[in-house]
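Trainee: To start, I am sharing the structure in question, which I have written as structure tokens.
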Amino acid sequence: MSKLRQTIFDKSGGYCWYCGCMLGKGWHADHFYPVVRVGGKMLYPELDSLDNKVPSCPQCNMMKSSMNIESFRSTVHQFVESLNLYTTQYKFAKKYNLVKETGINVRFWFEENEKHVKPEHDLLKISERAIIMEWKKDKEERDYYYLNFDDFICTLRRVGNNWIAIAMGFSWEELGRIEIQFGRLEKEKAADWAIKIQEGINSTNQIS
Ligand SMILES: [Zn+2]
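Going by the working numbering, the sequence shown runs without a break in its numbering and finishes at 215.
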């Protein structure tokens, strides 16, 4: 096993991060926070890091695919519902008490064993402050948000598949703009960018 794979393997001591089965030879290194690919290009290359890789059995890895952990949880959870709706053999097995449903919530191995992956915003290098900032939604327009800072306002607007953030001073002069690819955490990325603009403004103010 390569040194890198060994490090990933050791995170769980050889168990699947999700279902907890013992890993066989062909185990997969899963991206805990999915790296979304758009046209072959990784949306969040920062997430293709050792910190974000966990050992998984091939089945869990393929089922999880590009889902985040909560979508994966609800997907697994609703399998029982699907069996009851669509599978005659399962319904018969239940009728004859061959299977019993527990009704328990889906708990993953890493939760049961208190293992953690760093928070996603840490891996993406988005500041904590950017995570908690709340964008106000424009009443008139869909997908149009803004953030108020002391010295300027930052707007965020959806244009096609992307988001455009524009920072404007109070006399409507543009201080900067950034295009953010559609994915998860667009607002957080935009807020992080706006905070950096603010820090820039503040440091300029300090010089003058
Ligand atoms: Zn598994």
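All residues carry an ideal CB built from backbone N, CA and C; glycine is no exception. None of the values given here were measured: they were computed from a predicted structure.
Determine, using beta carbons only, whether residue 218 and residue 50 come nearer to each other than 7 Å.
Mentor: Here the chain covers residues 8 to 215 and nothing more, so residue 218 does not appear.
Trainee: Give every residue of the same chain whose Cβ lies closer than 6 Å to the Cβ of residue 164, excluding the five residues on either side of it in the sequence, and list them in chain order.
Mentor: Here the set comprises 151, 171.
Trainee: Per DSSP, which residues does residue 186 bridge with? Please list them.
Mentor: Per DSSP, 171.
Trainee: Does the pairing of the region 193 to 210 with the region 167 to 182 give three or more beta-carbon distances under 8 Å?
Mentor: In short, these stretches touch, since the Cβ pair count reaches three.
Trainee: For residue 32, count neighbouring Cβ atoms within 10 angstroms of its own Cβ and tell me buried if that reaches 16, exposed if not.
Mentor: Its Cβ having fewer than 16 others within 10 Å, residue 32 is exposed.
Trainee: In whole angstroms, give me the CA-to-CA distance for residue 64 and residue 185.
Mentor: Near 39 Å, if we compare the C-alpha coordinates of residue 185 and residue 64.
Trainee: Pull the bridge partners of residue 162 from the DSSP assignment, please.
Mentor: The partner list for residue 162 (beta bridge, DSSP) reads 153, 173.
Trainee: How would the residue list near ligand 1 read, in chain order, if you kept each one whose beta-carbon is closer than 5 Å to any heavy atom?
Mentor: Qualifying residues come out as 23, 25, 26, 64, 67.
Trainee: Rounded to whole angstroms, what is the Cα-Cα separation between residue 141 and residue 23?
Mentor: For residue 141 and residue 23, the distance between alpha carbons rounds to 36 Å.
Trainee: Any contact between the region 109 to 127 and the region 75 to 92? By contact I mean 3 or more CB pairs, one from each, below 8 Å.
Mentor: The region 109 to 127 vs the region 75 to 92: in contact.
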